Amino acid sequence: MNIIQTTNLSKRYGDILAIDNVSMNVKQGEIYGFLGLNGAGKTTMIRLLLGLTKPDSGLCELFQNHKGPGNTYWNDVGYLIETPYAYPNLSVRENLQVICKLRGLVEKSVIPEILERLKLQPYKNRKEKNLSLGNKQRLGLAKALIHKPKLLILDEPINGLDPAGIVEVRELLKELAEKHNTTIFLSSHILSEIAKITSRIGIIHNGALIKEIKSSELDSQIIKKLCISTHDNETAQKILLEKGFEASIHHEMLELISHDAINKPEEIATILVQHQTPPTQLFVFKEDLEHYFLRIIRE
Amino acid sequence: MKHQLRAISAEFLKNRHSTIKWVSFAAFALAPVFGAVFMILIKDGGTKGLSGAFKSKAVMFSFEANWNSFLGVLSQAVGIGGILIFGFVASWLFGREYSEGTAKDLLALPISRTKILNAKFIYYTFWCFALVISNLLLGLLFGLLLQLDGWSHQIFLHHLEIYFITTLLIVLLNTPVAFFALWGKGYLTPLGIVAVLLVLAQIIGAMGIGNYFPWSVPGIYSGSGGEDLRMQLNNMSFLLLIITGIVGYLATIFWWKYSDQK
Chain F
185 MNIIQTTNLS KRYGDILAID NVSMNVKQGE IYGFLGLNGA GKTTMIRLLL
235 GLTKPDSGLC ELFQNHKGPG NTYWNDVGYL IETPYAYPNL SVRENLQVIC
285 KLRGLVEKSV IPEILERLKL QPYKNRKEKN LSLGNKQRLG LAKALIHKPK
335 LLILDEPING LDPAGIVEVR ELLKELAEKH NTTIFLSSHI LSEIAKITSR
385 IGIIHNGALI KEIKSSELDS QIIKKLCIST HDNETAQKIL LEKGFEASIH
435 HEMLELISHD AINKPEEIAT ILVQHQTPPT QLFVFKEDLE HYFLRIIRE
Chain Z
4 MKHQLRAISA EFLKNRHSTI KWVSFAAFAL APVFGAVFMI LIKDGGTKGL
54 SGAFKSKAVM FSFEANWNSF LGVLSQAVGI GGILIFGFVA SWLFGREYSE
104 GTAKDLLALP ISRTKILNAK FIYYTFWCFA LVISNLLLGL LFGLLLQLDG
154 WSHQIFLHHL EIYFITTLLI VLLNTPVAFF ALWGKGYLTP LGIVAVLLVL
204 AQIIGAMGIG NYFPWSVPGI YSGSGGEDLR MQLNNMSFLL LIITGIVGYL
254 ATIFWWKYSD QK
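Heads up: the sequence lines are chains F and Z, in that order. Residues in the first sequence are numbered consecutively from 185, following this note's numbering. Residues in the second sequence are numbered consecutively from 4, following this note's numbering.
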């Protein structure tokens with residue numbers, strides 16, 4: 185079942201096409217990573233999903249429905265948009281009480297549980313304005329999770345968290361998807377983070393969804409090459425070609441992209457040594473996820 | 004109804020520790036304090052003890068150090084100061100969600116946006132009436148301490164009616180301020196609007212056509228322009244004010260419900 189479904193969704197702000205004909209779907213229990221540079225359209229997309237902004241054209245459905253605010257099905261949706269804000273003069277507990285009242289939840293049962301889960305128990309009586317950035321982020325997540333939604337829409341949820349906090353949130357989201365079948369739509373501009381938890385990634389650039397890829401396929405999409413430098417690269421190139429390894433020369437380096445060469449660099453080194461052109465440098469280059477992301481949006 | 008009550012309860016909780024609340028009470032309390040000072044000065048030396056605008060006002064209205072004058076001053080303070088203070092309250096209540104960044108948390112909930120706004124309007128009304136009741140009690144206390152002459156139930160009830168109707172008129176007038184808070188996404192725009200309206204109310208009132216300018220009507224009704232000006236108010240004066248209030252309310256609801264929340 186598609187929990188999120190958009191069809192030819194477009195949104196324009198004046199001259200800027202913020203969302204350009206985006207069609208996508210997210211299935212139940214899936215963690216979908218929505219990746220893009222700042223200003224690519226991630227937050228606009230989230231606002232469209234939540235009904236905060238109306239599309240110029242196209243359709244946007246959650247749970248195969250399109251319903252405005254005030255409908256009980258919004259209790260199946262939890263969300264966090266950009267920087268999490270809360271009432272600065274209220275304590276953590278009071279901020280959660282406000283949400284409980286607005287969502288019709290029984291405060292006594294849900295607040296202690298979410299405080300425990302987000303490790304906010306020691307700060308429950310602290311005013312929001314006195315919280316650290318990381319704890320403000322936790323409070324934002326607590327507000328999004330307190331009603332145990334079936335769908336979580338999170339915009340940059342790890343912003344401001346320290347490394348330990350990032351791991352905790354990552355584990356929490358994985359647990360929600362795996363154990364509770366929660367569908368999670370997660371936006372970020374950091375591919376390496378998103379790749380660790382998502383099952384599928386959509387890349388948005390200038391408002392258009394330019395690529396969708398399963399996280400498991402990401403490794404195969406990343407450029408890997410064996411880079412070699414010798415005193416005579418042209419001779420080395422010919423020798424390798426004779427041995428069945430195609431190599432090209434870039435920036436005074438030999439580059440081999442065949443799997444055999446990448447997986448067995450020692451064989452290549454042996455061949456070159458045997459032919460009196462020993463490598464002065466030899467290493468396997470693996471494109472990192474951020475480079476991959478930048479390459480995709482530049483293509 | 005359950006949803007509405009929950010929204011009201013949330014609104015009360017949001018304002019539990021608000022310092023602005025106490026600032027508004029302190030600012031509004033200046034009215035009975037100055038009223039009492041006014042009475043002390045008149046009591047001691049009549050209008051001779053006054054100077055400047057105080058004196059001209061006291062002479063114009065034949066103020067005396069008695070309950071009738073003092074209760075009149077309290078109503079007039081609401082008629083003029085209420086535009087500013089109630090406008091300040093409406094600006095804060097409706098604009099804070101944007102200024103504090105919490106507006107987006109209120110837009111995709113199982114509770115309707117209208118009910119959230121209604122809760123704000125109810126809380127706003129409650130706050131304004133709390134302000135005027137507090138001022139009234141403070142005024143009565145000062146009056147008793149000053150041992151003012153001329154107390155009678157008739158006089159008290161007569162002024163009480165003017166006092167609370169003036170309050171109601173101003174409460175109604177601030178629905179457009181709520182709209183400007185949402186439109187301007189914060190409390191600075193509506194505060195600017197309140198300042199402009201207050202100035203306009205004074206200018207238009209002084210021009211003698213204030214009975215058709217809704218923001219001048221409460222002041223005139225409270226008696227701040229004298230009994231002659233008050234007599235100029237007619238059904239159209241009140242109708243225009245009520246229409247302004249209704250249009251402001253509807254504009255606020257429609258804007259919140261249907262505009263893009265960027």
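Virtual Cβ for every residue (Gly too), placed ideally from N, Cα, C. Since this is a predicted model, take the numbers as computed values, not measurements.
Discussion item. Rounding to the nearest angstrom, what Cα-Cα distance links glycine 344 (chain F) and leucine 370 (chain F) in this structure?
Written reply: 16 Å
Item to complete: Within 10 angstroms of the Cβ of glutamate 103 (chain Z), are there 16 or more other Cβ atoms? Answer buried if so, exposed if not.
Response: buried
Discussion item. Between Z:Ala39, Z:Ile256, Z:Phe28, Z:Leu109, which has its C-alpha nearest phenylalanine 89 (chain Z)'s C-alpha?
Written reply: Z:Phe28
Worksheet item: Whose Cβ in chain F lies nearer than 8 Å to the Cβ of serine 12 (chain Z)?
Response: Lys285
Fill in: Continuous alpha helix (DSSP H) stretch holding leucine 3 (chain Z): start and end
Here chain Z has residues from 4 to 265 only, and residue 3 (chain Z) is not among them.
Item to complete: Give a yes or no on whether 8 Å exceeds the smallest Cβ distance from histidine 20 (chain Z) to chain F.
Response: yes
Fill in: Sub-8 Å separation of phenylalanine 183 (chain Z) and isoleucine 165 (chain Z) beta-carbons
no
Discussion item. Going by DSSP in three states, tyrosine 271 (chain F) sits in which element: helix, strand or coil?
Written reply: coil
Worksheet item: What residues from the stretch 316–327 of chain F come within 8 Å of chain Z, judged by C-beta to C-beta, listed N to C?
Response: Lys327
Fill in: With 16 other Cβ atoms within 10 Å as the buried cut-off, status of tryptophan 258 (chain F)
buried
Worksheet entry | Counted within 10 angstroms of its Cβ, other Cβ atoms place isoleucine 433 (chain F) as buried (16 or more) or exposed | It counts as exposed.
Item to complete: Could you pull out every residue in the same chain whose Cβ sits closer than 6 Å to the Cβ of asparagine 319 (chain F), ignoring the five residues on either side in sequence?
Response: Tyr307
Discussion item. Strictly under 8 Å for the Cβ-Cβ distance: is arginine 233 (chain Z) near chain F by that measure?
Written reply: no
Fill in: Beta-bridge partners of leucine 219 (chain F), as assigned by DSSP
Looking at the DSSP assignment, leucine 219 (chain F) forms a beta bridge with F:Ser372, F:Ile387.
Worksheet entry | Contact belief for leucine 201 (chain F) with glycine 324 (chain F) at Cβ below 8 Å, rounded distance in angstroms | That belief does not hold up - the Cβ atoms of leucine 201 (chain F) and glycine 324 (chain F) are roughly 29 Å apart, past 8 Å.
Item to complete: Report the three-state DSSP secondary structure of isoleucine 441 (chain F) (helix, strand or coil).
Response: coil
Item to complete: Determine the DSSP secondary structure at leucine 110 (chain Z), reduced to helix, strand or coil.
Response: coil
Item to complete: Report buried or exposed for lysine 5 (chain Z), applying the criterion of at least 16 other Cβ atoms within 10 angstroms of its Cβ.
Response: exposed
Worksheet entry | Beta carbon proximity, lysine 107 (chain Z) to chain F, threshold 8 Å | yes
Item to complete: Identify which residue in F:Ile337, F:Asn209, F:Ala453 has its Cα closest to the Cα of lysine 427 (chain F).
Response: F:Ala453
Worksheet item: Between glutamine 421 (chain F) and the rest of its own chain, which residues show a CB-CB distance below 7 Å, the 5 nearest in sequence each way excluded?
Response: Ala431, Ile433, Leu438
Worksheet item: Touching or not, the stretch 192–207 of chain Z and the stretch 215–224 of chain Z, by the rule of three or more beta carbon pairs under 8 Å?
Response: yes
Discussion item. Below 7 Å on C-beta distance, what does leucine 335 (chain F) contact in chain Z?
Written reply: Chain-order list of chain Z residues neighbouring leucine 335 (chain F): empty, with the shortest C-beta distance near 11 Å, by a criterion of under 7 Å.
Worksheet item: Of the choices Z:Lys46, Z:Leu87, Z:Leu175, Z:Gly226, whose alpha-carbon is the least far from that of leucine 243 (chain Z)?
Response: Looking at the Cα atoms, Z:Leu175 is the closest of the given residues.
Item to complete: Measure from the alpha carbon of leucine 317 (chain F) to the alpha carbon of each residue in F:Ile342, F:Glu401, F:Ile446, then state which is nearest.
Response: F:Ile342
Worksheet entry | Beta-carbon proximity of leucine 289 (chain F) to alanine 111 (chain Z), cut-off 8 Å | no
Practice prompt. Compute the distance between the beta-carbons of leucine 219 (chain F) and serine 372 (chain F), then report whether it is under 8 Å.
Written response: Their beta carbons are under 8 Å apart, which means leucine 219 (chain F) touches serine 372 (chain F) by this criterion.
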